[in-house]
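Worksheet for the structure shown next.
Residue numbers (the working numbering): 37 to 155.
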(Lines of atoms letter the chains of each structure in order from A and count residues from 1; the text may use other names and numbers.)
(Lines give C-alpha, C1' and ligand atoms only; values in the text may rest on other atoms or scores of the structure.)
Protein backbone atom coordinates (compact mmCIF):
# COMPACT_ATOMS: atom_id res chain seq x y z
CA UNK A 1 0.00 0.00 0.00
CA UNK A 2 2.86 2.38 0.83
CA UNK A 3 4.20 2.32 -2.72
CA UNK A 4 0.73 3.13 -4.11
CA UNK A 5 0.42 6.10 -1.78
CA UNK A 6 3.97 7.23 -2.61
CA UNK A 7 3.36 6.93 -6.33
CA UNK A 8 0.00 8.73 -6.17
CA UNK A 9 1.13 11.59 -3.95
CA UNK A 10 4.63 12.24 -5.26
CA UNK A 11 4.48 11.15 -8.88
CA UNK A 12 0.87 11.80 -9.91
CA UNK A 13 -0.03 14.73 -7.64
CA UNK A 14 3.39 16.40 -7.47
CA UNK A 15 3.51 16.50 -3.67
CA UNK A 16 6.66 16.60 -1.56
CA UNK A 17 7.17 14.28 1.39
CA UNK A 18 8.11 15.90 4.71
CA UNK A 19 11.70 15.38 5.84
CA UNK A 20 11.12 15.22 9.60
CA UNK A 21 7.54 13.87 9.44
CA UNK A 22 7.45 11.25 6.71
CA UNK A 23 3.69 10.78 6.87
CA UNK A 24 3.20 14.44 5.87
CA UNK A 25 2.97 15.46 2.21
CA UNK A 26 2.52 18.96 0.85
CA UNK A 27 2.26 20.92 -2.37
CA UNK A 28 2.51 24.67 -2.80
CA UNK A 29 2.21 26.38 -6.15
CA UNK A 30 1.01 29.77 -7.32
CA UNK A 31 0.03 30.77 -3.78
CA UNK A 32 -2.20 27.72 -3.32
CA UNK A 33 -1.41 24.77 -1.08
CA UNK A 34 -2.54 21.35 0.05
CA UNK A 35 -1.20 19.40 3.04
CA UNK A 36 -1.87 15.73 3.57
CA UNK A 37 -1.22 13.30 6.42
CA UNK A 38 -1.22 9.52 5.98
CA UNK A 39 -2.02 7.18 8.86
CA UNK A 40 -2.39 3.46 8.16
CA UNK A 41 -5.37 3.48 5.76
CA UNK A 42 -6.50 7.08 6.33
CA UNK A 43 -5.68 10.19 4.33
CA UNK A 44 -6.30 13.53 6.03
CA UNK A 45 -5.90 16.65 3.96
CA UNK A 46 -6.51 20.37 4.08
CA UNK A 47 -5.66 23.35 1.97
CA UNK A 48 -6.91 25.58 -0.79
CA UNK A 49 -10.35 24.65 -2.11
CA UNK A 50 -9.11 24.30 -5.71
CA UNK A 51 -6.21 22.05 -4.69
CA UNK A 52 -8.52 19.88 -2.57
CA UNK A 53 -11.04 19.50 -5.38
CA UNK A 54 -8.28 18.45 -7.79
CA UNK A 55 -6.87 15.96 -5.27
CA UNK A 56 -10.32 14.47 -4.57
CA UNK A 57 -10.88 14.11 -8.31
CA UNK A 58 -7.58 12.21 -8.60
CA UNK A 59 -8.55 9.93 -5.69
CA UNK A 60 -11.95 9.20 -7.21
CA UNK A 61 -10.47 8.37 -10.61
CA UNK A 62 -7.55 6.32 -9.27
CA UNK A 63 -9.31 4.28 -6.57
CA UNK A 64 -12.99 4.64 -7.44
CA UNK A 65 -13.69 6.53 -4.22
CA UNK A 66 -17.29 7.70 -4.18
CA UNK A 67 -17.06 10.50 -1.63
CA UNK A 68 -14.51 12.13 0.65
CA UNK A 69 -15.91 12.93 4.09
CA UNK A 70 -15.25 15.74 6.49
CA UNK A 71 -12.97 14.69 9.33
CA UNK A 72 -14.81 13.99 12.58
CA UNK A 73 -12.46 11.58 14.38
CA UNK A 74 -8.81 10.56 14.11
CA UNK A 75 -7.00 8.00 16.30
CA UNK A 76 -9.90 8.11 18.76
CA UNK A 77 -9.87 11.89 19.07
CA UNK A 78 -13.12 13.64 18.18
CA UNK A 79 -12.58 16.71 16.04
CA UNK A 80 -15.00 19.63 15.86
CA UNK A 81 -14.48 22.61 13.58
CA UNK A 82 -16.21 25.42 11.79
CA UNK A 83 -14.27 26.76 8.80
CA UNK A 84 -16.60 29.74 8.43
CA UNK A 85 -16.04 30.94 12.01
CA UNK A 86 -12.44 29.72 11.99
CA UNK A 87 -12.32 27.48 15.07
CA UNK A 88 -11.10 23.96 15.78
CA UNK A 89 -11.41 21.86 18.95
CA UNK A 90 -10.48 18.33 20.02
CA UNK A 91 -12.28 16.06 22.47
CA UNK A 92 -10.80 12.90 23.94
CA UNK A 93 -13.59 12.23 26.46
CA UNK A 94 -14.96 9.27 24.49
CA UNK A 95 -11.49 7.77 24.08
CA UNK A 96 -10.81 7.99 27.82
CA UNK A 97 -14.22 6.49 28.66
CA UNK A 98 -13.49 3.52 26.39
CA UNK A 99 -10.09 2.96 28.02
CA UNK A 100 -11.73 2.71 31.45
CA UNK A 101 -14.44 0.39 30.12
CA UNK A 102 -11.99 -1.90 28.33
CA UNK A 103 -9.40 -1.95 31.12
CA UNK A 104 -11.14 -2.03 34.52
CA UNK A 105 -7.76 -2.00 36.30
CA UNK A 106 -7.39 1.67 35.33
CA UNK A 107 -10.72 2.40 36.96
CA UNK A 108 -9.56 0.63 40.15
CA UNK A 109 -6.34 2.65 40.33
CA UNK A 110 -8.23 5.85 39.60
CA UNK A 111 -10.60 5.27 42.57
CA UNK A 112 -7.73 4.21 44.84
CA UNK A 113 -5.69 7.27 43.86
CA UNK A 114 -8.59 9.63 44.63
CA UNK A 115 -9.13 8.06 48.06
CA UNK A 116 -5.42 8.12 48.87
CA UNK A 117 -5.02 11.76 47.79
CA UNK A 118 -7.92 12.93 49.98
CA UNK A 119 -6.26 11.64 53.16
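Even for Gly, the Cβ is constructed at its ideal location relative to N, Cα and C.
Here the structure is a predicted model, which means the values were calculated and not measured.
*Counted within 10 angstroms of its Cβ, other Cβ atoms place residue 74 as buried (16 or more) or exposed*: For the purposes of this step, residue 74 is taken as residue 38 along the chain shown, with counting starting at 1. Flag for residue 74 reads buried.
_residue 53, DSSP secondary structure in three states_ = Taking the chain shown and counting its residues from 1, one reaches residue 53 at position 17. The answer is strand: DSSP assigns residue 53 an E or B state.
*What first and last residue would you give for the alpha helix (DSSP H) that runs through residue 94?*
Within the chain shown, numbered from 1, the residue matching residue 94 stands at position 58. Looking at the DSSP string, the run of the alpha helix (DSSP H) that includes residue 94 is 85 to 99.
*Whole-angstrom distance between residue 132 and residue 105, CA atom to CA atom*: By 1-based counting over the chain shown, the position of residue 105 is 69. By 1-based counting over the chain shown, the position of residue 132 is 96. Whole-angstrom Cα-Cα distance: 25 Å.
*So who's on the other strand from residue 109, going by DSSP bridges?*
Against the chain shown, residue 109 aligns to sequence position 73. Beta-bridge analysis with DSSP links residue 109 to 114.
_I need the boundaries of the alpha helix (DSSP H) containing residue 136, first residue and last residue._
Counted from its first residue, the chain shown places residue 136 at position 100. Run containing residue 136: 129 to 138, per the alpha helix (DSSP H) assignment.
*For residue 126 and residue 115, believed in contact at Cβ under 8 Å, the rounded distance*: For this step, residue 115 is matched to residue 79 along the chain shown. For this step, residue 126 is matched to residue 90 along the chain shown. That belief holds up - the Cβ atoms of residue 115 and residue 126 are roughly 6 Å apart, short of 8 Å.
_Can you find the residues in the same chain that come closer than 6 Å, C-beta to C-beta, to residue 113, ignoring five residues on each side of it along the sequence?_
What you label residue 113 is simply residue 77 of the chain shown in a count that begins at 1. So the list reads 126 and 128, once near-sequence residues are dropped.
*Kindly indicate which three-state DSSP category residue 46 falls into: helix, strand or coil?*
Working through the chain shown from its first residue, we reach residue 46 at position 10. Residue state, collapsed to three classes: helix.
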